[in-house]
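Residue numbers (our numbering), protein chains in the order written: chain A, 8 to 427; chain B, 8 to 318. From the three backbone atoms N, C-alpha and C, an ideal C-beta is built for every residue, glycine too. All figures in this text were calculated on a predicted structure; none of them were measured in a lab.
Pasting the structure below:
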């Protein structure tokens, strides 16, 4: 008999709270699910887009600072001006010079010698649209003075975001809601621009790189969560303890939820903090306080239906590979069907399939609930403030129905082995 | 100590159209109780019912001071259950499985780990406890299941086929542990098994369940006594003549699975008659042992009786 063996001894310690037992299932599940190398690799890769987006936030803040000319120039180069745009810009400049001469003559006739005019002249040459669209011929003396001063001020604010606007139009036109963003940039209100651009960047972060990574991450982690318990009859280990079916479900649901949040919520919050640190003052927080809440909201909208579907598929079979296949099939078929509708709509109109007019057509909107990915995107766009509820109610309803259906099936599948 | 740890009154459990338990009246006293029954008798349903995993259709019951059916969670806090089937979480080591079971029962994480090691020592698991459970033999998994069942120090243990898959040495050791849990630690045990020698080795009480009804609930010592005096004989010489003469005297030979001659009678002179008949038949008695009822015989007779009663 080993020296440390003490035989059977009673245990009279204090037990943990009944309400925290689900966390044991969750923590153990996360530990087990993180063991495979592939999961750890995907987790690592999932944080790489954070760096890319971090660079985005850095340049945004620098270009908004009108004094930072080199960075502004860098963004200008990135925005890839086309030859047509260059020719048009040169023509505009030529016209602007002519208009400036006319304005100078007009000012001389009216006897105005305003010290702010020189500043206005520089701005007008940098942005020819300012002077080309300015109707000064029929203005009286005080009106002209007032217009010149206010235009000089607002143009100074608009100037900083000019290159971003061009980058958005040329580089990111395929992304959703770029037009809304350009409108915001045109407003010239720095606080509003910052809030809008941060929200847009984070929404795109959720919608594109992280969605794809979640597909693979949850496809690796979730299929075995319940199917493995069914195959190895581990449910007896749970249900012969003081654990209820709902606690088991909650514990299991928290496993994919934790993985999803690890690659969406945490990096998004990290990006937000990074952006705050990059901004000129910490007071920026007061104009962007809603963004962390929107991140949490978008995470919940993503986590709940995704985890419920993944676990439902896992509970339908004893073989995790079938659950794995079903997971990818649900996403691929749903999105494929929706894409087919978009293409069909595009074929009936002169625009291409990715044109916003096609994607916003009534027919495509009606069928958008076929695609889980699209429904999630719509709801997230609403949460980030780029869509109204009337535009996304179909997607929200579809997600709610899918979630409730998945949870009911999951509960019944969990109860089944115990009932018999 | 209460007279009955578990008392069930007129319990009925229906699965749609099938009646799994049919008016069960049962009282289980502190000690080691064997639950016997043929396949499909309703043993598993009875165990699930005790654990509060299935709802009773009708009837009332009390288990460890809690109402049956409405306090499943409290009952499972006090009961340790070792299922018959393989039941483990792939990818975990033996000690992690036992620790996990302890945490599910409410032990704090660190304490659960300490307790898991202590119980695995008690169960005779050595360094193999650190191996992944998927690589374990059936016997090792049985040990892990047993350790998981007792790690949270339950008052009452339900063991479903605890010795299946164990080699004779391990079987002896496990039965000794179970017996010790009752004699030294006061843990009452309900063992559901088909291995009758296991029941005979450690049980105080026997419950036989057949076709959803309790057919027998008696202490093993009482059951072992025969209703009337009988003897088991081995004869040297002409066995046929001896049997013939005994029959003429009014004592027919009873069938016996071990090939012995068995004579049973309420006549107090039975031993004397046997000796006289042997002398008359010119045979010698090699051995003459007062016969006792074997559990197998009792089990077979009870189940047969139940089948006849229903048909």
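Please compile the residues from chain B whose C-beta is within a distance smaller than 7 Å of the C-beta of residue 418 of chain A. Those within 7 Å of residue 418 of chain A in chain B number zero; the least Cβ separation is about 15 Å.
Taking beta-carbon pairs under 9 Å, can you tell me which members of the segment 228-258 of chain A lie near chain B? 231, 235, 236, 238, 239, 240, 241, 242, 243, 244, 245, 246, 247, 248, 249, 250, 251
Let's test the definition: count the other Cβ atoms within 10 Å of the Cβ of residue 225 of chain B and tell me whether it reaches 16, buried, or not, exposed. exposed
Can you find a C-beta in chain B that's less than 8 Å from the C-beta of residue 57 of chain A? no
Supposed contact pair residue 258 of chain A and residue 29 of chain A - C-beta distance, whole angstroms, cut 8 Å: 4 Å
Closest to residue 7 of chain B by CA distance: which of B:313, B:120, B:268, B:15 is it? This structure does not reach residue 7 of chain B, given that chain B is present from 8 up to 318, and the question cannot be answered.
What residues from chain B crowd round residue 42 of chain A, counting only those whose CB sits closer than 7 Å? 98
If you compare alpha carbons, which of B:92, B:131, B:223, B:279 is closest to residue 166 of chain B? B:92
Can you check DSSP and say which residues form a bridge with residue 16 of chain B? B:67
Roughly how many angstroms lie between the CA atoms of residue 202 of chain B and residue 403 of chain A, to the nearest whole one? 59 Å
Note down, in chain order, each residue of its chain lying with its Cβ closer than 6 Å to the Cβ of residue 198 of chain B, except the 5 sequence neighbours on either side. 41, 166
Would the segment 294-306 of chain A count as touching the segment 196-210 of chain A if we require 3 or more Cβ pairs under 8 Å? yes
Are any of the Cβ atoms in chain A nearer than 8 Å to that of residue 267 of chain B? no
Give me the Cα-Cα distance between residue 330 of chain A and residue 351 of chain A, rounded to the nearest whole angstrom. 31 Å
Below 7 Å CB to CB, which residues in the same chain sit around residue 276 of chain A once its five sequence neighbours on both sides are set aside? 299, 302
Can you say whether residue 272 of chain A is buried or exposed, counting buried as having 16 or more other CB atoms within 10 angstroms of its CB? buried
Any chance the segment 283-293 of chain A sits against the segment 231-240 of chain A, with 3 or more Cβ pairs inside 8 Å? no
Kindly give me the distance between the Cβ atoms of residue 140 of chain B and residue 126 of chain B, rounded to whole angstroms, as I take these residues to be in contact under 8 Å. With 8 Å as the limit, residue 140 of chain B and residue 126 of chain B do not qualify as a contact, their Cβ atoms being about 15 Å apart.
Which residue from A:306, A:251, A:310, A:244 puts its Cα closest to that of residue 263 of chain A? A:310
Measure how close the beta-carbons of residue 210 of chain A and residue 391 of chain A come, nearest whole angstrom, since I'm counting them as under 8 Å. 4 Å
What three-state label does DSSP hand residue 315 of chain B in the structure shown? helix
Would you mind working out which of B:62, B:14, B:57, B:32 sits nearest residue 22 of chain B, comparing C-alpha positions? B:62
Is there a Cβ from chain D that is less than 8 Å from the Cβ of residue 205 of chain B? The displayed structure is made up of protein chains A and B, and chain D is not among them.
Beta-carbon contacts of residue 315 of chain A that lie in its chain and below 8 Å, excluding the five residues immediately before and after: 260, 409, 410, 413, 414, 417
In whole angstroms, what separates the C-alpha of residue 253 of chain A from that of residue 319 of chain A? 14 Å
To the nearest angstrom, report how far apart residue 246 of chain B and residue 307 of chain B are at their CA atoms. 28 Å
Based on the DSSP output, what are the partners of residue 167 of chain B in its beta bridges? B:199
So, is the C-beta of residue 28 of chain A closer than 8 Å to a C-beta in chain B? yes
Chain B beta carbons: is any one of them nearer than 8 Å to that of residue 85 of chain A? Because the pLDDT at residue 85 of chain A is just 49, under 50, the model does not fix this residue reliably, and the value given afterwards should be weighed accordingly. Chain B contact via Cβ: absent.
Would you please state the rounded distance, in angstroms, between the beta carbons of residue 87 of chain B and residue 18 of chain B? I believe it to be under 8 Å. In fact, because the Cβ distance is near 22 Å, the residues do not count as touching under 8 Å.
Reduced DSSP category for residue 309 of chain B - H, G, I as helix; E, B as strand; rest coil: helix
What is the rounded straight-line gap between the Cα of residue 85 of chain A and the Cα of residue 238 of chain A? Low local confidence applies: a pLDDT of 49 at residue 85 of chain A is under 50, so the model's placement there is unreliable, with the coordinate-based value given in what follows. Taking the straight line from one Cα to the other gives about 54 Å.
Quick one: residues in its chain with C-beta nearer than 6 Å to the C-beta of residue 296 of chain B, no 5 flanking neighbours on either side, listed in chain order? 239
The segment 272-285 of chain B contacting the segment 251-263 of chain B, beta-carbon criterion three pairs below 8 Å: yes
Closest by CA to residue 267 of chain A, which one among A:228, A:185, A:115, A:55? A:228
Take residue 305 of chain A and list the residues in its own chain whose beta-carbon comes closer than 6 Å to its own, dropping the five residues that flank it on each side. 213, 387, 390
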